[in-house]
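I have placed the structure first, in the form of structure tokens, so that the comments after it can refer back to it.
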Amino acid sequence: MKRVGIIGVGEYLPKKVLTNLDLEKKVDTSDEWITTRTGIKTRRLAAHGQACSDLAINAAREALEDAKICSADVELIIVATITPDMQFPSTACFVQSALRARRAVCFDVSAACAGFVYALVIAQQFIARGTYKNALIIGSEVLSSITDWKDRNTCVLFGDGAGAAVLAPVSSGGILSTYLGSDGSLSNLLMLPGGGSRHPASHRSIDMRMHYIKMRGNELFKFAVKIMSEAALQVLKLAGLESKDVDWVIPHQANTRILLSMAKKINLPKEKIFLNIDRYGNMSSASTATALYEAVKSNCIKKGDIVLLDAFGGGLVWGACVVRW
Ligand code: COA
957 MKRVGIIGVG EYLPKKVLTN LDLEKKVDTS DEWITTRTGI KTRRLAAHGQ
1007 ACSDLAINAA REALEDAKIC SADVELIIVA TITPDMQFPS TACFVQSALR
1057 ARRAVCFDVS AACAGFVYAL VIAQQFIARG TYKNALIIGS EVLSSITDWK
1107 DRNTCVLFGD GAGAAVLAPV SSGGILSTYL GSDGSLSNLL MLPGGGSRHP
1157 ASHRSIDMRM HYIKMRGNEL FKFAVKIMSE AALQVLKLAG LESKDVDWVI
1207 PHQANTRILL SMAKKINLPK EKIFLNIDRY GNMSSASTAT ALYEAVKSNC
1257 IKKGDIVLLD AFGGGLVWGA CVVRW
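Going left to right, the sequence shown walks through residues 957 to 1281 as this note's numbering numbers them.
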């Protein structure tokens, strides 16, 4: 089995910024409520007509450049998303076409906010076994397209963006351990009920606002703290490490309070949690991906650091990974 590492990262964020003050004009909320309950100040919004692959392609190009890999040499493309351009073809195929990455095998992964970690673990398997020499993984979301702008419980939380990484064999460091989990019995806590084969698009589904995110925030909050803590401890154990060995946690960014509670639970100084939720909100699969990019590019993560990726999302699903950078 080959040792696999992350050899390049990329990011793309749409230009349009939506502030808490802008939201005060849309729904009955306040900057004070959003800031204290979630940690979010602003989020980005895709331009009209800008789809998931448009964001993904930009992040992918930067990651390939960073990894010094030409798109013609990419062997696997996985896009993690809950807001694909279309039900099919996969968004990964649109990305392949735009990049002219003709050799690549392409598919999407549906693991909501844990999608980037799921994609990373899948890609790792293929590379470790020698099936493919490299992989481009992307977390990309246009959550504004499934956000109910009349629902103050959810519309203040989400944003649009994309992050990407290139994986390949490395001679030292790389992915030390991975840990995935799922519990479908809790699917009712977070879902988009309309548009699939259960409730195909109809006048009724639109009248019932079924094409927007439905969330039971309070229950999710408690579950998130518990499962992110458990996943962190499990994946560290698999790597033969403890909380004190971690230099940076790159978590899914659902709520600053979730992350601070998790840090406390696993005995980790809160300064080690990398946050970008204040600027971008929750971007589902793109959150972990962009946090990783920003932690690397701002020189927070240095060579040799122990980095813990930790995410959870609708499904419910969760995933964690330890990387020696
Ligand atoms: N502005 C002002 N008030 C709001 C509001 C908003 N945007 N959204 C909800 N409220 C109100 C509620 O209506 C409720 O009012 P009530 O007490 O009169 O009924 C009150 O604030 C408290 O609501 P509650 O849901 O208990 O708040 P909370 O402290 O749990 O915070 C979340 C709500 C959504 C921020 C929080 O539960 C959370 O982050 N959950 C996890 C979400 C998540 O992880 N989602 C993605 C998973 S990947």
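The beta carbon of each residue, even a glycine, is placed where N, CA and C say it ideally should be.
Computed from a predicted structure; not experimentally measured.
* Asked: In this structure, does DSSP put Lys1226 in helix, strand or coil?
  -> In the structure shown, the three-state DSSP call for Lys1226 is helix.
* Glu1097 classed as buried or exposed, judged by whether at least 16 other C-beta atoms fall within 10 angstroms -> Around the Cβ of Glu1097, a 10 Å sphere holds 16 or more other Cβ atoms; the residue is buried.
* Asked: What are the partner residues of Thr998, as DSSP defines its beta bridges?
  -> According to DSSP, Thr998 bridges with Thr975.
* To do: With distances taken Cα to Cα, identify the nearest neighbour of Ala1118 among Leu1011, Ser1066, Gly1173 and Val1030.
  => Of the residues Leu1011, Ser1066, Gly1173 and Val1030, the one whose Cα lies closest to the Cα of Ala1118 is Leu1011.
* **Supposed contact pair Gly1071 and Phe1237 - C-beta distance, whole angstroms, cut 8 Å** => In the sequence on display, residue 1237 carries Gly and not Phe. 16 Å between Cβ atoms; not a contact.
* Taking DSSP as the reference, what is the three-state secondary structure of Arg1280? -> In this structure, Arg1280 counts as strand in the three-state DSSP scheme.
* Asked: Nearest to Thr1246 by alpha carbon, out of Cys1111, Ile1093, Glu1021 and Thr985?
  -> Ranking Cys1111, Ile1093, Glu1021 and Thr985 by Cα distance to Thr1246 puts Ile1093 first.
* C-beta contact flag for Ile1131 and Val960 at 8 Å -> Taking 8 Å as the Cβ cut-off, Ile1131 and Val960 qualify as a contacting pair.
* To do: Check the DSSP bridge columns for Ser1199 and list the partner residues they point to.
  => Ser1199 is not bridged to any residue.
* Asked: Is there at least one non-hydrogen atom of ligand 1 closer than 7 Å to the beta-carbon of Trp1105?
  -> No - ligand 1 has no heavy atom lying nearer than 7 Å to the Cβ of Trp1105.
* **Own chain, CB closer than 8 Å to Cys1111, minus 5 neighbours either side, in chain order** => Same-chain partners within the cutoff: Leu979, Lys982, Val983, Thr1103, Asp1104 and Trp1105.
* Asked: Using the beta-carbon count (16 or more within 10 Å), is Thr1047 buried or exposed?
  -> Buried.
* To do: Compute the Euclidean distance between the alpha carbons of Ala1120 and Arg1017, then round it to the nearest angstrom.
  => Whole-angstrom Cα-Cα distance: 9 Å.
* Regarding Ala1075 and ligand 1, is the C-beta to nearest heavy atom distance less than 7 Å? -> No.
* To do: Tell me whether Val1273 counts as near ligand 1, meaning its Cβ is closer than 7 Å to at least one heavy atom of that ligand.
  => A distance criterion of 7 Å places the beta-carbon of Val1273 beyond contact range of ligand 1, judged by its closest non-hydrogen atom.
* **Cβ-heavy atom distance, Ala1180 to ligand 1, below 7 Å** => Within 7 Å of the C-beta of Ala1180 there is at least one heavy atom belonging to ligand 1.
* Assigned exposure category for Thr994 - 16 Cβ within 10 Å defines buried -> By the neighbour-count rule (16 or more Cβ atoms within 10 Å), Thr994 is buried.
* **Proximity to Glu1175 [Cα-Cα], best of Glu1198, Arg1235, Leu1216 and Gly1270** => Looking from the CA of Glu1175, the closest CA among Glu1198, Arg1235, Leu1216 and Gly1270 belongs to Gly1270.
* Cα separation between Leu1148 and Ser1127? -> Going by the C-alpha atoms only, they are around 42 Å apart.
* Outcome for His1208 when other beta-carbon atoms lying within 10 angstroms are tallied against a minimum of 16 -> That one is buried.
* Roughly how many angstroms separate the alpha carbons of Ala1023 and Asn1014, rounded to a whole number? -> Cα-Cα distance, rounded: 14 Å.
* Could you tell me the distance, in whole angstroms, from the CA atom of Gly1095 to the CA atom of His1159? => In this structure, the alpha-carbon of Gly1095 lies about 31 Å from that of His1159.
* To do: Report yes if the C-beta distance between Leu1099 and Leu1272 is below 8 Å; otherwise report no.
  => Going by C-beta atoms, Leu1099 is not nearer than 8 Å to Leu1272.
* Quick one: grab the DSSP three-state call for Trp1204. => Here Trp1204 sits in strand by DSSP.
* Asked: Under the criterion of a Cβ to heavy atom distance below 7 Å, does Phe1072 qualify as lining ligand 1?
  -> No, Cβ of Phe1072 sits at least 7 Å from all heavy atoms of ligand 1.
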